[in-house]
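Quick mapping for you: the protein sequence lines, in order, are chains A and Z.
Just so you know, the first sequence maps onto residues 167 to 543 in my numbering.
Just so you know, the second sequence maps onto residues 344 to 520 in my numbering.
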Amino acid sequence: MGSRTYMMQGNLAVAEAAIDANCRFFAGYPITPSSEVAEHLSKRLPQVGGRFIQMEDEIAAMGAVIGASLGGVKSLTATSGPGYSLKQENIGYAYLTEVPVVIVNVMRGGPSTGLPTLPSQSDVMQAMWGTHGDHTAIALSPASVGESYDMTIRAFNLSEKFRMPVTLLLDEIIGHVYEKVSLPDPKDLHIVNRKKPTCPPDKYLPYAEDESLIPPMASFGDGYRYHVTGLVHDETGFPTNNPETIDKMLRRLHRKLDPYMSEIIEVEERETENAEIGIVTYGSSARASSSAMRAAREAGIKVGMLRLKTIWPFPTEAIFKFGQRVKSIIVPELNLGQIAHEVEQAIKGTVKVHKVNRINGEPFHPDEILNKIKECK
Amino acid sequence: MSLHYEIRLSGAGGQGLILIGKVLAEAAAIYDNKNATQSQSYGPEARGGASRSEVIISDGDIDYPKATEVNLLLAMTQEAADKYSHDIKKDGVVIVDSSFVLKNPKGDFQVYSFPITQIAEEKVGKKVVANIVALGVIERVARVVSEEAVINAIRARVPKGTEEINIKAFKCGQSLV
């Protein structure tokens, strides 16, 4: 047992991972079931020379983390469904201005104030389309406390590398469950930092397209003066109405992850080799699904599971291939089929997709999924 | 036979059920070096309202962190005793606080009934440690975590300066069984 073995909840693992990823700024507005992230960082950040600020509301908190990141500091905010809705205006601003930030959304039941203390997975579409306009997005979904730590590190790395907001989608169960975790030595972590300009300041074009599609980013105070605006801009950062420039900029924003998909998309396959029935799931629903799969295998039913660790960009290819191998697919999720719809699109009608949905604030019981497996047999 | 033991701690918000869930899970996972999870379910109220905390102790991996077949139920209110006694495993155990539970649940399980909150007030001197008295009862009845591990976990989890009264409450609970 390592010296960093703890009983810890998902929200705390997120907060500790943020520290280890060298995040030194948090702004937020407390909201159940994410509050422990803010609470813990309010103690931890000052201990490591960071800053914590409780803002007047969620959108202001989102503005604060964007500002801190422009200043060169890795920044985090944490919220839940209703707060995530409030942040969306500024999340769009971060997409367009290409500012790396990590947003934790510990999902609870909605719409509106909804079910503050109860689990849900109903913000998965919001994580892609919550803000207006065409853009790409990254959202990750951990299914355990240990993975909440790992994925927070990864969320920072992806956001730094691709200069964009990354959403970490926990749900109330993963945020609040206490599990035994052994955290790695921070020295052993792979940490990515944003690419900085190497040209002289008077030659710097903050939004110039190069082969990587990800322009280098100067921090305020580095001596590189540039303009940041939520208006569509040219490569200098100043607004433009030139159709060609607009088209070029927005198309780059939309395809900037295309060359990197295999690096970003992660799925976990379990017992998929000889599976006849496939489960596609994510987050806490994967825990109930594992239990159901184990019971089904004991009863001689060949079930395999594809767990989405990356929700966005959607793992279309992995799901299509899985669909080629099984007779039917079951998609358990704590909403009314947000990801099941994407799965249907991905498998292009090759096999039937069965939804298992729950929206009453209770988590899945493994038997519900097991019953669906038996129906599909 | 491998160990898989499910504990459900139920009552009202403010009775400290989430805390003793954490203590039990930490005792098992950190001090006894087994595997454990603790999860919780509570309402939007700061106190009052139904509250429940579930602990699973196992020597293998724990897929699903919620209780499905309960080995031991603690019920600190009548509502909890009525609501959560339906999925107790055959030969399971129900512990009720008879300060609040006047009608014992009936089923294929053994019921232990003690006036836990009243004992906390009279014998330990503070009603607020009723949860830790209950923890002492659970340790004796369940026998899935070691006494030493629970004491270590109590010391690590309770507010500074309250360790001794909490240990006293724990021992008081143990002595009831």
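Glycine included, each C-beta is placed from N, C-alpha and C at the ideal position.
Could you say which of the options lies nearest to residue i if we only look at CA atoms?
{"i": "A:A226", "options": "A:P196, A:G389, A:S310", "result": "A:P196"}
{"i": "A:K369", "options": "A:L355, A:G389, A:I380", "result": "A:G389"}
{"i": "A:H420", "options": "A:M330, A:T395, A:N523, A:S428", "result": "A:M330"}
{"i": "Z:I497", "options": "Z:L346, Z:G386, Z:N414, Z:A371", "result": "Z:A371"}
{"i": "A:S450", "options": "A:V347, A:L500, A:L379", "result": "A:L500"}
{"i": "A:D533", "options": "Z:A410, Z:Q517, Z:G391", "result": "Z:A410"}
{"i": "A:G280", "options": "A:R473, A:V522, A:G249", "result": "A:G249"}
{"i": "Z:S394", "options": "Z:E465, Z:V520, Z:Q421, Z:V436", "result": "Z:Q421"}
{"i": "A:T245", "options": "A:F192, A:W295, A:K468, A:M294", "result": "A:F192"}
{"i": "A:T447", "options": "A:V358, A:S378, A:H301, A:N523", "result": "A:N523"}
{"i": "Z:G516", "options": "Z:I438, Z:P408, Z:D406, Z:K503", "result": "Z:I438"}
{"i": "Z:D440", "options": "Z:E491, Z:I459, Z:V467", "result": "Z:I459"}
{"i": "Z:N509", "options": "Z:I475, Z:I405, Z:E464", "result": "Z:I475"}
{"i": "A:V203", "options": "A:E222, A:C189, A:L178", "result": "A:L178"}
{"i": "A:G387", "options": "A:M415, A:K362, A:M427, A:E410", "result": "A:K362"}
{"i": "Z:Y455", "options": "Z:G359, Z:V436, Z:P408", "result": "Z:V436"}
{"i": "Z:R351", "options": "Z:N414, Z:R390, Z:Q358, Z:D404", "result": "Z:N414"}
{"i": "A:I495", "options": "A:E541, A:Y426, A:V290, A:Q287", "result": "A:E541"}
{"i": "Z:K446", "options": "Z:Y374, Z:D425, Z:E490, Z:Q461", "result": "Z:D425"}
{"i": "A:I185", "options": "A:L355, A:E338, A:S200", "result": "A:L355"}
{"i": "A:P350", "options": "A:I269, A:V343, A:Y172", "result": "A:Y172"}
{"i": "A:V539", "options": "A:A454, A:T476, A:G503", "result": "The identity of residue 539 of chain A in the sequence shown is Ile, whereas the question assumes Val. Answer by Cα proximity: A:A454."}
{"i": "A:K514", "options": "A:I525, A:E429, A:F488", "result": "A:F488"}
{"i": "Z:A473", "options": "Z:I462, Z:E482, Z:V398", "result": "Z:I462"}
Using a Cβ-Cβ distance under 8 Å, would residue i count as near chain A?
{"i": "Z:K426", "result": "no"}
{"i": "Z:E491", "result": "no"}
{"i": "Z:Y348", "result": "no"}
{"i": "Z:V520", "result": "no"}
{"i": "Z:K470", "result": "no"}
Taking CB distances under 8 Å as the criterion, tell me whether residue i reaches chain Z.
{"i": "A:I339", "result": "yes"}
{"i": "A:S200", "result": "no"}
{"i": "A:H206", "result": "no"}
{"i": "A:E534", "result": "no"}
{"i": "A:E541", "result": "no"}
{"i": "A:Y250", "result": "no"}
{"i": "A:T438", "result": "no"}
{"i": "A:T283", "result": "yes"}
{"i": "A:M167", "result": "With a pLDDT of 43 at A:M167, under the threshold of 50, the predicted position of this residue should be treated as unreliable, though the coordinate-derived value follows. By this cut-off, A:M167 is an interface position."}
{"i": "A:R274", "result": "no"}
{"i": "A:V203", "result": "no"}
{"i": "A:V343", "result": "yes"}
{"i": "A:K346", "result": "yes"}
Apart from the five residues just before and just after residue i, which ones in its own chain have a Cβ nearer than 6 Å to its Cβ?
{"i": "A:G470", "result": "E437, T438, A441, G444"}
{"i": "A:Q213", "result": "none"}
{"i": "A:G312", "result": "V347"}
{"i": "Z:Q383", "result": "I361, S396"}
{"i": "A:F218", "result": "F192, L207, S208, L211"}
{"i": "A:A234", "result": "F191, S241"}
{"i": "A:A183", "result": "Y315, T318, I319"}
{"i": "A:T263", "result": "V394"}
Residue i versus chain Z: which residues are under 8 Å apart at the beta carbon?
{"i": "A:M173", "result": "K365, A368, E369, A372, I373, A379, Q381"}
Could you tell me which chain Z residues have their CB closer than 7 Å to the CB of residue i, listed as they occur along the chain?
{"i": "A:P529", "result": "K409"}
Please return the same chain residues whose Cβ sits closer than 8 Å to the Cβ of residue i, not counting the five positions on each side in sequence.
{"i": "Z:S401", "result": "S345, L346, H347, Y348, K377, N378, A379"}
{"i": "Z:G392", "result": "A355, G356, Y385, G386"}
{"i": "Z:A418", "result": "S353, G354, A424, Y427, S428, V437, I438, V439, D440, V444, P448"}
{"i": "A:D223", "result": "Y195, L252"}
{"i": "A:G503", "result": "V497, K521, N523"}
Leaving out the 5 sequence neighbours to the left and right, which residues in its chain are closer than 7 Å to residue i when beta-carbon positions are compared?
{"i": "A:Q490", "result": "T516"}
{"i": "A:P282", "result": "T198, R274"}
{"i": "A:W478", "result": "A293, M294, A303, I304, A305"}
{"i": "A:Q560", "result": "In the structure as shown, chain A begins at 167 and stops at 543. Residue 560 of chain A is therefore absent and cannot be evaluated."}
Output, in chain order, the set of chain Z residues within a Cβ distance shorter than 9 Å of residue i.
{"i": "A:A454", "result": "D406, Y407, K409"}
Can we count residue i as close to the ligand FMN, meaning its CB is less than 7 Å from some heavy atom?
{"i": "A:R320", "result": "Annotation note on the ligand FMN: not contained in the displayed structure, which lists no ligands."}
Inset, instruction - For the segment 378–390 of chain Z, enumerate the residues whose C-beta is nearer than 8 Å to any C-beta of chain A, in chain order. - result: N378, A379, T380, Q381, S382, Q383, S384, Y385, G386, P387
Legend entry - Interface residues of the segment 395–425 of chain Z facing chain A [CB-CB below 8 Å]: So the list reads I405, D406, Y407, P408, K409, T411, given in the order they occur along the chain.
Legend entry - Within 8 Å of chain Z by C-beta, residues of the segment 456–487 of chain A in sequence order: S456, S457, R460
Legend entry - Under 8 Å (Cβ pairs) to chain B, residues found in the segment 421–447 of chain A: No chain B appears in the structure shown, which is made up of the protein chains A and Z.
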